[in-house]
Ligand code: BES
Ligand code: MN
Ligand code: ZN
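Numbering (our numbering), first residue to last: 111 to 607.
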């Protein structure tokens with residue numbers, strides 16, 4: 111069932127047509143509501159389960175066509191495993207359920223019921239979120255369909271629940287987060303000829319509709335502020351750089367904001383230190399940090415989060431040209447610190463240096479979290495499963511770790527230390543923009559920290575999690591929208607009043 115879905119909620123019942131999805135555990139038990147809805151068809155589980163060696167393992171499924179005693183065309187059992195699902199499992203179960211519904215189905219019903227009882231409205235909303243995210247696909251640029259492939263209709267998924275009104279309320283909130291993820295994915299998937307800094311700024315400006323205040327600073331404004339580190343990266347491009355500042359004021363007046371900062375390199379050729387050709391097309395996703403920040407700001411505004419939040423994204427294109435910056439150049443950042451450019455491909459930290467300093471001095475935020483596809487080295491260290499987390503603050507690090515476990519957008523803490531910081535001392539300037547081959551992700555983080563001061567801060571290196579990552583139960587698209595759910599959860603759990 112690809113393409114967009116329409117989610118609805120209704121009291122538990124067997125549908126008159128379409129696909130019916132029911133959850134069961136490793137003892138092939140059914141919840142009370144599922145048993146009632148299936149009636150005599152419930153007996154099929156034991157018989158067919160045995161024949162198919164279906165044991166109810168987490169994520170496994172048993173698919174019955176034209177099931178006896180039911181009007182539904184298809185009955186799908188999905189295993190939830192031995193133990194009760196954890197909080198991060200519900201979104202996965204929603205994704206798995208969606209993945210089992212065949213593309214030809216235009217209607218499906220999922221019973222949000224477990225052997226232990228009906229799911230809570232929150233759990234139901236996670237099922238719905240998983241189903242929507244799984245159905246996402248980016249095919250804006252496909253004009254032809256493969257033979258036999260039909261136009262994907264907007265399929266209807268009804269989730270059977272104990273209390274439909276309560277489920278709808280929970281979903282309204284959760285769906286705001288889902289829209290944020292979708293927005294982030296769309297931005298990451300867009301090609302770089304379409305999504306250059308100015309166009310990105312225009313898309314971010316659309317958040318005004320949701321009640322977010324959006325300011326766009328152009329090159330002249332940034333020059334006045336002394337943002338030469340950011341501007342140096344964009345110098346080689348025919349596309350002008352932009353800085354977008356988004357503000358959501360849902361909290362108390364005067365309360366210091368949370369600040370989210372994103373790397374928005376709309377395409378990273380490496381510049382004069384040019385990258386090899388193989389795989390360079392992936393560098394259209396080098397703005398995934400910025401995409402996440404935009405998606406998060408949408409989510410916070412759309413669910414009217416009771417928090418003051420700033421989103422700031424540095425938008426540049428890193429290109430080689432006669433105007434491009436060179437290895438050996440020295441630039442003066444907005445903070446006053448001078449930076450020796452060793453490698454023009456270490457550009458993300460240059461962009462973030464100015465945006466971090468700008469946000470810190472202008473807004474005096476309670477904390478700053480930046481997201482960046484910063485280093486290939488984080489892929490070597492952590493692969494696609496965890497984002498690298500660097501932080502100067504224990505509380506913030508713990509809260510991020512916990513939110514990561516709950517959302518399955520996991521972070522793994524990496525070290526910061528003066529010994530690593532020494533590696534980026536420069537012969538000619540205050541700091542240099544690379545620290546050599548070893549500890550590449552750490553020296554990049556040390557570089558950022560020099561522009562942060564004492565403010566509680568975390569840097570998330572999302573090069574491995576935000577794009578091209580192996581497809582998961584809740585994502586089949588190249589751009590994953592990673593981080594929106596994590597940060598939305600972090601805010602909801604710790605900072606709303
Ligand atoms: N955008 C890249 C990092 C990246 C690599 C993101 C692979 C996603 C996938 C970043 O700007 C970069 O080029 N980093 C260099 C730093 C080096 C020159 C010190 C790298 O990781 O090789
Ligand atoms: Mn680069
Ligand atoms: Zn980059």
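For every residue, glycine included, the Cβ atom is placed at its ideal position computed from N, Cα and C. From a predicted model like this one, the values you see are computed outputs, not experimental measurements.
task = Figure out for me which residue from 255, 266, 553 has the closest Cα to the Cα of residue 544.
result = 553
inquiry  = Suppose contacts are defined by Cβ-Cβ distances below 8 Å. Is residue 376 in contact with residue 390 by that definition?
reply    = no
Residues near residue 456 by beta carbon distance below 6 Å, same chain, minus five either side = 543, 544
key: C-alpha distance - residue 248 paired with residue 576, whole-angstrom precision   = 15 Å
message = With distance defined between alpha-carbon atoms, name the residue in 116, 317, 192 nearest to residue 238.
response = 116
ask   = Going by alpha carbons, who is nearest to residue 461 out of 388, 213, 222, 428?
value = 428
query = If you draw a straight line from the alpha carbon of residue 388 to that of residue 486, how long is it in whole angstroms?
reply = 14 Å
message = Residues around the ligand BES, please: the ones whose beta-carbon is closer than 5 Å to some heavy atom of it, in chain order.
response = 378, 396, 453, 455, 456, 458, 483, 485, 486, 544, 573
request  = Answer yes or no: the CB of residue 375 versus the heavy atoms of the ligand ZN, is any distance below 7 Å?
outcome  = yes
message = Along the chain, where does the beta strand (DSSP E) containing residue 119 start, and where does it finish?
response = 115-121
query = Sorry if obvious, but does the Cβ on residue 428 come closer than 7 Å to a heavy atom of the ligand MN?
reply = yes
message = What does the alpha-carbon distance come out to for the pair residue 470 and residue 565?
response = 8 Å
task = Would you tell me roughly how many angstroms separate the C-alpha atoms of residue 206 and residue 240, rounded to the nearest one?
result = 8 Å
query = Thinking C-alpha only, which one of 204, 135, 234, 220 is nearest residue 191?
reply = 135
key: Heavy atom of the ligand FMN within 7 Å of residue 380 beta-carbon   = With respect to small molecules bound, the structure shown includes the ligand BES, the ligand MN and the ligand ZN and not the ligand FMN.
task = Ignoring anything shorter than 4 residues or poking outside the region 185-271, list the alpha helix (DSSP H) runs there in chain order.
result = 199-210, 231-245
ask   = If we count the other Cβ atoms within 10 Å of its Cβ and call it buried at 16 or more, is residue 147 buried or exposed?
value = buried
task = If I'm right that residue 245 touches residue 405 with Cβ under 8 Å, what's the distance once you round it to whole angstroms?
result = With a Cβ gap of about 17 Å, residue 245 and residue 405 do not count as contacting.
task = Evaluate contact between the region 223-234 and the region 180-198, counting only Cβ atoms and requiring at least three cross-stretch pairs below 8 Å.
result = yes
Candidates 519, 605, 538: closest to residue 583 by CA position = 519
query = For residue 373 versus residue 510, is the C-beta distance shorter than 8 Å?
reply = no
request  = Consult DSSP for residue 502 and reduce its assignment to one of helix, strand or coil.
outcome  = coil
key: Separation of residue 332 from residue 340, as counted between CA atoms   = 9 Å
request  = Name, in chain order, the residues that DSSP records as bridge partners for residue 371.
outcome  = 422, 480
message = Let's see if you can read the secondary structure: which residues bound the beta strand (DSSP E) around residue 609?
response = Outside the modelled stretch of the chain, which goes from 111 to 607, sits residue 609, for which no answer is possible.
ask   = If we count Cβ pairs, one from each stretch, closer than 8 Å, do we get three or more for the region 349-358 versus the region 445-456?
value = no
request  = Return yes when the Cβ of residue 594 is within less than 8 Å of the Cβ of residue 409, no when it is not.
outcome  = yes
message = Is the separation between the beta-carbon of residue 478 and that of residue 417 shorter than 8 Å?
response = no
query = What does a CB cutoff of less than 6 Å around residue 272 pick up in its chain, not counting 5 residues either side in sequence?
reply = 228
inquiry  = Restricting to runs no shorter than 4 residues, where is the alpha helix (DSSP H) found entirely within the region 526-555?
reply    = 528-531
ask   = Who does residue 171 pair with in a DSSP beta bridge?
value = 188
key: Distance, residue 269 Cα to residue 281 Cα   = 11 Å
ask   = First and last residue of the beta strand (DSSP E) that includes residue 520?
value = 520-523
Where the beta strand (DSSP E) through residue 281 begins and ends = No beta strand (DSSP E) contains residue 281, which is instead part of the alpha helix (DSSP H) from 274-299.
task = Less than 8 Å between the CB atoms is what I'm expecting for residue 434 and residue 500, so what's the real figure, rounded?
result = Incorrect: roughly 29 Å between the Cβ atoms, too far for contact.
inquiry  = Going by beta-carbon coordinates alone, are residue 606 and residue 415 separated by less than 8 Å?
reply    = yes
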